[in-house]
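Numbered by mature numbering (1 follows the signal peptide of the UniProt record, and there is no 0), the letters in the sequence shown go through residues -21 to -1, 1 to 298 in order.
Glycine included, each C-beta is placed from N, C-alpha and C at the ideal position.
Below is one structure, written out as structure tokens; comments come after it.
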Amino acid sequence: MRRPRLLALFTATVLLTAACGDPENEKAPAEAGPDKVNVGVIAILDVAPIYLGKDKGFFADRGIELSLTTAQGGAAIVPAVLSGEYQFGFSNTISLLLGADRKLPVKAVVNGVNSTGVDGQDFAGLFVKADSPIRSPKDLAGRTVAANTLKNIVDTTVRSSVAKDGGDASRVKFTELAFPDQVPALQEGRVDAIFVVEPFQQSAVAAGARKIASSYVDAAPDLTVAMYFTSQQLIANDPDLVSRFTAAMKQSLEYADAHPDEVRDVLGSYTKIAPEVRAKLVLPKWPAEVNRASVETLADRAVSDGTLPKKPDLAALLP
């Protein structure tokens, strides 16, 4: 009498298992949840689009749970991406070119930020004291310029300004100084010039400093200043995630470019820039696509300056 009951119980168990699947090996997409993605960024104006895109749900719409971790700069972000601590990172173009020259397995996936391309109206600038004898970039030969990092995009673009003005770019000296410390150093006479981005550009203007060049503009038309990148390993292991992140990032860039007021608002969520200062900031451009010609020009300049020993394979680096 027990046999039919056991058979019925076994049959019900099989049917239930077939209907539900193995909970250890099969998960419906909703159960699996979104992909957790950590991106290394710098707490500066340049990365406003990714914060805006997160708030707008552009990443969540593509199954990405986005976390943003701030770092000092590309020097810290690149190794963190390669180790897998971050899945993606934000870095200036010269840092990525240096990585490509050293055969680091990194690849840019989408644009980051561009110069406005307008001389005198860019989001970064080269400044001297109001009463400085330095009248134009060529006068910087033999002088000291503060840069937030050495042998990087500041060196390359400032030297572009000096060369364009007819000066000897090889004679410019650079000293490393964090952006918040540069205006005081200029006022105290510890450096002859500073190169700052927003919001520190507004601090320089407020202190009465005189702008002598828009070095990003001098380096190349509509310069691609920085890009978002990932590791070759992630591209090989999860190309779908890379594709979804890239699409969300492009939407974020396009949205930021079209909504400057919302950019100024979102800055208050991850920086301490006061509302009255945010209102005055010169915003960069955020095109979705990398300006490849500008990267070529920047690489050539870096080689001529000795920052790069040779021009790396840009086809392998750029998206």
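To the nearest angstrom, how far is it from the Cα of residue i to the Cα of residue j?
i              : j              : result
glycine 145    : aspartate 118  : 9 Å
leucine 105    : proline 13     : 44 Å
aspartate 279  : valine 16      : 34 Å
aspartate 80   : alanine 183    : 35 Å
threonine 48   : lysine 33      : 13 Å
lysine 251     : lysine 108     : 26 Å
glutamine 211  : leucine 262    : 32 Å
leucine 75     : tyrosine 65    : 16 Å
alanine 253    : lysine 86      : 35 Å
glutamine 100  : asparagine 216 : 43 Å
glycine 53     : alanine 59     : 10 Å
residue 303    : threonine 154  : Beyond the ends of the chain as shown, which are -21 and 298, falls residue 303; an answer cannot be given.
leucine 61     : valine 124     : 32 Å
alanine 186    : alanine 226    : 41 Å
aspartate 110  : alanine 172    : 12 Å
leucine 24     : lysine 143     : 27 Å
serine 115     : alanine 205    : 26 Å
methionine 228 : alanine 11     : 23 Å
arginine 138   : serine 283     : 10 Å
proline 112    : threonine 209  : 45 Å
tyrosine 249   : aspartate 240  : 16 Å
Residue i bridges to which residues according to DSSP?
i              : result
methionine 206 : Ser70, Asn90
threonine 123  : Lys152
valine 176     : Ala103
threonine 48   : Gly19
arginine 189   : Val107
valine 85      : Ser210
isoleucine 113 : The partner list for isoleucine 113 (beta bridge, DSSP) is empty, contrary to what the question assumes.
isoleucine 29  : Answer is none; isoleucine 29 lacks a bridge partner.
lysine 264     : Asn93
isoleucine 43  : Asp14
Could you name the residues of the same chain whose beta carbon sits closer than 6 Å to that of residue i, not counting the 5 residues immediately before and after it, in chain order?
i             : result
lysine 289    : none
lysine 190    : Gly104, Phe106
threonine 136 : Ser194, Tyr195, Ala198
alanine 120   : Gly146, Asp147, Arg150
leucine 220   : Asp14
leucine 232   : Pro28, Trp265, Ala267
glycine 78    : Val57, Val85
Got a sec? Which residues, its chain only, sit under 8 Å from residue i by beta carbon, not counting five neighbours each side?
i             : result
asparagine 4  : Residue placement at asparagine 4 is flagged as unreliable, the pLDDT there being 38, under the threshold of 50; the coordinate-derived value follows with that caveat. Excluding residues within five positions, none has a Cβ falling inside 8 Å.
glutamine 181 : Val256, Lys259, Leu260
valine 18     : Ile29, Leu45, Ser46, Leu47, Thr48, Tyr65, Gln66, Phe67, Gly68, Phe69, Tyr207
valine 170    : Thr123, Val124, Ala125, Thr154, Leu156, Gln161, Ala164
proline 291   : Leu76, Ala79, Asp80, Ala278
alanine 295   : Ala79, Lys86
glycine 96    : Val196, Pro200, Asp201, Leu202, Lys264
So, under 8 Å CB-CB, residue i and residue j are touching, yes? Tell me the CB distance rounded to an integer number of Å.
i                 : j                : result
phenylalanine 174 : proline 159      : No, phenylalanine 174 and proline 159 are not in contact; Cβ-Cβ is about 14 Å, not under 8 Å.
lysine 130        : threonine 286    : 5 Å
isoleucine 21     : alanine 50       : 6 Å
glutamine 166     : phenylalanine 37 : Contact flag wrong, Cβ pair sits at about 42 Å.
In its own chain, which residues sit with a C-beta less than 7 Å from the C-beta of residue i, not counting the 5 before and 5 after it?
i              : result
threonine 203  : Thr72, Asn90, Asn93, Val269, Asn270, Ser273, Val274
valine 242     : Ala27, Leu31, Ala235, Leu262
proline 298    : Ala87, Val88, Val89, Val269
arginine 223   : Arg41, Gly42, Ile43
lysine 35      : Tyr234
isoleucine 214 : Lys86, Val221
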